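Accompanying notes for the structure given below.
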Amino acid sequence: MITDKLTATHNFLEELAKQAGKADFMPANEIGLALQYLEEKGIPNNRHEDYKYCNIEAILRKEFKTITGKEIALAATDLKKNYFIKDAYNVYVVNGKLIAEISEVPANIALLAIDKTPADILKKHLAQYAQTNSDVLIAVNVAYADRGVFLHVTKAVEKPVVVHHVNSSEGNLFFNVRNLIVIEKNAEVELTEFYHSSNQKYFTNNLTEIFVGEGAHVNHTVIQNAGVASYLVNTTKTHQHKQSTYTNSCFTFSGALVRNNLNTAIAAEFAEAHLFGLFVTKGNQLVDNHTLVDHLKPNCQSNELYKGIVGGKSTAVFNGQIFVEKDAQKTNAYQSSKNILISDDATVNAKPELEIYANDVKCSHGTSTGKVDENALFYLKARGIGEESARKLLLRAFAHEVIDQLKNETIKEKVGELFEQALQD
Amino acid sequence: MLSIKNLKAEINGKEILKGINLEVKAGEVHAIMGPNGSGKSTLSAVLAGREDYDVTGGSITFNGKDLLELAAEDRAREGIFLAFQYPVEIPGVSNINFLRTAVNEIRKYKGLPDMEAKEFLALIKEKQKVVELDAKLTGRSVNEGFSGGEKKRNEIFQMAVLEPKLAILDETDSGLDIDALRIVANGVNKLKNKDNATIVITHYQRLLDYIVPDFVHILYNGKIVKSGGKELALEMEEKGYDEIKKQYDTAAV
Numbered sequence: 014m015i016t017d018k019l020t021a022t023h024n025f026l027e028e029l030a031k032q033a034g035k036a037d038f039m040p041a042n043e044i045g046l047a048l049q050y051l052e053e054k055g056i057p058n059n060r061h062e063d064y065k066y067c068n069i070e071a072i073l074r075k076e077f078k079t080i081t082g083k084e085i086a087l088a089a090t091d092l093k094k095n096y097f098i099k100d101a102y103n104v105y106v107v108n109g110k111l112i113a114e115i116s117e118v119p120a121n122i123a124l125l126a127i128d129k130t131p132a133d134i135l136k137k138h139l140a141q142y143a144q145t146n147s148d149v150l151i152a153v154n155v156a157y158a159d160r161g162v163f164l165h166v167t168k169a170v171e172k173p174v175v176v177h178h179v180n181s182s183e184g185n186l187f188f189n190v191r192n193l194i195v196i197e198k199n200a201e202v203e204l205t206e207f208y209h210s211s212n213q214k215y216f217t218n219n220l221t222e223i224f225v226g227e228g229a230h231v232n233h234t235v236i237q238n239a240g241v242a243s244y245l246v247n248t249t250k251t252h253q254h255k256q257s258t259y260t261n262s263c264f265t266f267s268g269a270l271v272r273n274n275l276n277t278a279i280a281a282e283f284a285e286a287h288l289f290g291l292f293v294t295k296g297n298q299l300v301d302n303h304t305l306v307d308h309l310k311p312n313c314q315s316n317e318l319y320k321g322i323v324g325g326k327s328t329a330v331f332n333g334q335i336f337v338e339k340d341a342q343k344t345n346a347y348q349s350s351k352n353i354l355i356s357d358d359a360t361v362n363a364k365p366e367l368e369i370y371a372n373d374v375k376c377s378h379g380t381s382t383g384k385v386d387e388n389a390l391f392y393l394k395a396r397g398i399g400e401e402s403a404r405k406l407l408l409r410a411f412a413h414e415v416i417d418q419l420k421n422e423t424i425k426e427k428v429g430e431l432f433e434q435a436l437q438d
Numbered sequence: 030m031l032s033i034k035n036l037k038a039e040i041n042g043k044e045i046l047k048g049i050n051l052e053v054k055a056g057e058v059h060a061i062m063g064p065n066g067s068g069k070s071t072l073s074a075v076l077a078g079r080e081d082y083d084v085t086g087g088s089i090t091f092n093g094k095d096l097l098e099l100a101a102e103d104r105a106r107e108g109i110f111l112a113f114q115y116p117v118e119i120p121g122v123s124n125i126n127f128l129r130t131a132v133n134e135i136r137k138y139k140g141l142p143d144m145e146a147k148e149f150l151a152l153i154k155e156k157q158k159v160v161e162l163d164a165k166l167t168g169r170s171v172n173e174g175f176s177g178g179e180k181k182r183n184e185i186f187q188m189a190v191l192e193p194k195l196a197i198l199d200e201t202d203s204g205l206d207i208d209a210l211r212i213v214a215n216g217v218n219k220l221k222n223k224d225n226a227t228i229v230i231t232h233y234q235r236l237l238d239y240i241v242p243d244f245v246h247i248l249y250n251g252k253i254v255k256s257g258g259k260e261l262a263l264e265m266e267e268k269g270y271d272e273i274k275k276q277y278d279t280a281a282v
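Chains as they are written, first to last, in our numbering: chain A, 14 to 438; chain B, 30 to 282.
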């Protein structure tokens, strides 16, 4: 049995090697390290602590026996017509590949396909924040990524940058996408990544490294609304410098599997990280949020709030780690995860993990999972509000905190619409 | 308007209401008094349609309709309003959004279109005055962070906006200082007319100095054991419930 699974893993990786396009942005030593790591570990199943509720091996074995589908080109006009958002710089990425001709960028931003990244920048940043041999999906990405985007911001960008991730394929496919985002000293950017809906079955192993320079501010919003047959592992590794702020707001509304690995390393003093999450799940969805805030230096702050509305037969996972290293005195770190179960068959697994090695810190965490407050529900009904409307009113109220903190009105409105849609289904 | 006949109700298998009979007509104010644990709050919860209680016998008719057949929201839409003893805090739902939803759902039930925004705001503004509710509170989340007095005023404010046919005030006086009590009672009196009715549920006679009842009923051990005019409340205040307890506890044995 175990041999069968190992064989399946090997077959899968061999297939992946066949499918992967040529790319030469990744240093050979990293690829070597990755292949060696994959040889040792294999694809993770539920016996791996990090993938306890997210059995990638089983998903690949059942759903991706073959990955020999094909990509289908999309007309530029269709992309613009379907996805354009006003008051923003719109960037289009199809199957992980940048469509440069129609993507708009201001002068102080460089936006390139990952393999066009200048060599000095690659050398300085690539594979520096996501350690190749720390996770199997990272290793898979290092070994086989053949596409992705490089974004370089050197000044404050006045309008938000919205990256539209669009899928266009036929038959099962597995994409390894590698992105690098470098925000230089004192630069500011509002970056939204929008995963749009598709009916196709595809697996995306997306890995983004983000460097946030000294005094830089990054407001990163991720909207995951891919189709019901889409599988996404989305790993984000952020490295923060002095006095920088990194805010990540992650909204998950659709997708058969969404596994987010969101790590931020606060590597210099007086920096802040804010992590917000909201997911609405139904059907057989599996949404797994693994977050890690690593406090390496003193006088920094982190704040995290994740909320979930979990329905149908879906499973939601929240695993929130906070590390406060020995040197990170005067750290303020807060974490809260709250979930509402709206069906008897839905499951939530929530686990906060705090590891504190410094002695002068303020840290707290809390997690709760329950049903809609029956007292509140009765109160609303006693005023003439019907059961369904009352439930929705309460769920909306529950979620509003995460949606309302978004700064950009256009994005907030969009997220609000998708949330309403997710509630209606 | 309201006719309760031999109403029996229990919670978790324990019988609380043991045969209540009560007739309320339009224009009347009824007070229901009684010691703690006599079933006062259960009666109000059963009238409003709380599902935790099982009605095991009797009937409630409201304007010709079988109330027990209706869900809580439909009872409210038919014109029943319960002012809660402990108003619920609902973070994230603004008072104004909550009331607009309630007004429009009631209108929909009656086959009316949504109220125009302008008209609704004018209504809010007018009704705030009834209970001297701070305009700031209407924009805040329902009851969140409100003082005890503000919560009770907010109940009467909602009542003013929804204009029920039958208002049930469940221990509205509890937790109120004398000034707040006067404001709340004034609000209730202003809303009173010949077409609506009020049931005031209270432990103390104090509230009845301000909201003067036409009838007073003494509830004890799940039954109305004595009814009379407003002087009955004064009598209870003077003698306390001990005599009633003594009389009916003995009778029960």
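Glycine residues also receive a C-beta, built at the ideal position from the N, C-alpha and C atoms. These figures come from a predicted structure and were not determined experimentally.
- Task: Note down, in chain order, each residue of its chain lying with its Cβ closer than 6 Å to the Cβ of V374 of chain A, except the 5 sequence neighbours on either side.
- Result: These residues qualify, in order along the chain: V337 and T344.
- Message: For I45 of chain B, would you say it is in contact with chain A, using Cβ-to-Cβ distances shorter than 8 Å as the test?
- Response: False, the Cβ-Cβ gap to chain A never drops below 8 Å.
- Item | Residue nearest to N250 of chain B in terms of C-alpha spacing, selected from B:M30, B:S32, B:E39 and B:L31 | Nearest C-alpha to N250 of chain B: B:E39.
- Item | Pairwise C-alpha distance: Y270 of chain B and E264 of chain B | Their backbone Cα atoms lie some 10 Å apart in a straight line.
- Message: Could you tell me the alpha carbon to alpha carbon distance between Y208 of chain A and D143 of chain B, rounded to whole angstroms?
- Response: If you take the alpha carbons of Y208 of chain A and D143 of chain B, they lie about 36 Å apart.
- Query: Sorted by chain position, which residues of the same chain lie with C-beta nearer than 6 Å to K255 of chain B's C-beta, five sequence neighbours on each side aside?
  - Reply: Cβ within range, chain order: I247.
- Task: Use the C-beta contact count for Y259 of chain A: other C-beta atoms within 10 angstroms, 16 or more gives buried, fewer gives exposed.
- Result: Buried, by the Cβ-count rule.
- Message: Alpha carbons only, please: which of B:Y233, B:T90, B:D206 and B:L195 is nearest the one belonging to V217 of chain B?
- Response: Out of B:Y233, B:T90, B:D206 and B:L195, B:L195 has the C-alpha closest to the C-alpha of V217 of chain B.
- Cα-Cα separation, I109 of chain B to T294 of chain A: If I take the Cα positions, the gap works out to 37 Å.
- Short-range partners of chain A found in the segment 214-238 of chain B, where Cβ spacing is below 8 Å: So the list is empty, because no residue satisfies the distance condition.
- Task: Could you tell me which residues DSSP pairs with F336 of chain A in its beta bridges?
- Result: BP columns for F336 of chain A point to A:D307 and A:E368.
- Message: Distance check for N95 of chain A and L26 of chain A, CA to CA, integer angstroms please.
- Response: Between L26 of chain A and N95 of chain A, the C-alpha separation is close to 35 Å.
- In DSSP terms, what A196 of chain B is bridged to: Note: A196 of chain B sits in a beta bridge opposite B:F110 and B:T227.
- Message: Please tell me whether P120 of chain B has its Cβ less than 8 Å away from any Cβ of chain A.
- Response: Using a CB distance cut-off of 8 Å, P120 of chain B counts as an interface residue toward chain A.
- Query: According to DSSP, which residues form a beta bridge with V152 of chain A?
  - Reply: Going by the sequence as given, residue 152 of chain A is Ala instead of Val. Paired residues: none, contrary to the question.
- Task: For chain B, find out if any of its Cβ atoms is closer than 8 Å to the Cβ of R404 of chain A; answer yes or no.
- Result: It does not; no Cβ of chain B falls within 8 Å.
- Task: Can you check the segment 132-180 of chain A for any alpha helix (DSSP H) of at least 4 residues that lies completely inside it and give the ranges in chain order?
- Result: When DSSP assignments are scanned along the segment 132-180 of chain A, the uninterrupted stretches of alpha helix (DSSP H) that are 4 or more residues long and fall wholly within it turn out to be 132-138 and 149-157.
- Query: In chain C, which residues lie with their C-beta within 7 Å of the C-beta of G399 of chain A?
  - Reply: The structure shown contains no chain C; its protein chains are A and B.
- Where does G121 of chain B sit, in a helix, a strand or coil, going by DSSP? Strand.
- Task: Taking A239 of chain A and S262 of chain A to be in contact with their CB atoms under 8 Å, please state how far apart those CB atoms are, rounded to whole angstroms.
- Result: A239 of chain A to S262 of chain A, Cβ: 17 Å. No contact.
- Message: Using a Cβ-Cβ cutoff of less than 7 Å, which residues in the same chain neighbour I56 of chain A once the five nearest sequence positions on both sides are dropped?
- Response: Within the same chain, I56 of chain A has close Cβ partners T22, F25, I69, E70, L73 and V149.
- Can you name, in chain order, every residue of its own chain whose Cβ lies under 8 Å from the Cβ of D243 of chain B, other than the five neighbours on each side? Excluding sequence neighbours, D243 of chain B sits near E57, V58, H59, G258 and K259.
- Query: By Cβ distance, which residues of its chain are closer than 7 Å to S356 of chain A, with the 5 residues on each side in sequence left out?
  - Reply: Correct list, in chain order: G324 and G325.
- Query: Within 8 Å (strictly less), CB to CB, does A262 of chain B reach chain A?
  - Reply: Answer no: the Cβ-Cβ gap between A262 of chain B and chain A never drops below 8 Å.
- Message: Taking the beta carbon of V162 of chain A as the centre, do at least 16 other beta carbons fall within 10 Å, making it buried, or is it exposed?
- Response: V162 of chain A comes out buried.
- Segment limits, alpha helix (DSSP H) that includes Q437 of chain A: From DSSP, the alpha helix (DSSP H) with Q437 of chain A extends over E422 to Q437.
- Query: How many Å lie between S88 of chain B and E80 of chain B at the Cα?
  - Reply: The alpha-carbon atoms of S88 of chain B and E80 of chain B are separated by roughly 16 Å.
- Taking 8 Å as the CB-CB limit, is S73 of chain B close to chain A? Taking Cβ atoms only, chain A never reaches closer than 8 Å to S73 of chain B, which makes this a no.
- Query: Does the beta carbon of T130 of chain B come closer than 8 Å to any beta carbon on chain A?
  - Reply: Taking Cβ atoms only, chain A reaches closer than 8 Å to T130 of chain B, which makes this a yes.
- Minimum Cβ-Cβ distance from R106 of chain B to chain A less than 8 Å: Closer than 8 Å: yes.
- Query: Using the beta-carbon of each residue, which ones in chain B are nearer than 7 Å to A389 of chain A?
  - Reply: By Cβ distance, chain B contributes V117 and I119.
- Item | Amino acids of chain A, ordered along the chain, whose beta-carbon sits closer than 7 Å to that of A77 of chain B | A395, listed in chain order.
- Task: Mind reading off the beta-carbon distance from E206 of chain A to H178 of chain A? Whole number of angstroms is fine, and I expect it under 8 Å.
- Result: E206 of chain A to H178 of chain A, Cβ: 6 Å. Contact.
- To the nearest angstrom, how far is it from the Cα of K137 of chain B to the Cα of G109 of chain A? For K137 of chain B and G109 of chain A, the distance between alpha carbons rounds to 48 Å.
- Around the C-beta of K320 of chain A, are 16 or more other C-beta atoms found within 10 angstroms, so that it is buried, or is it exposed? Taking a 10 Å sphere around the C-beta of K320 of chain A, we find 16 or more other C-beta atoms and assign the residue as buried.
- Classification of K159 of chain A by the beta-carbon crowding that lies within 10 angstroms, buried from 16 upward: Reading off the sequence shown, one finds Asp at residue 159 of chain A, where the question assumed Lys. Answer is buried; the Cβ neighbour count reaches 16.
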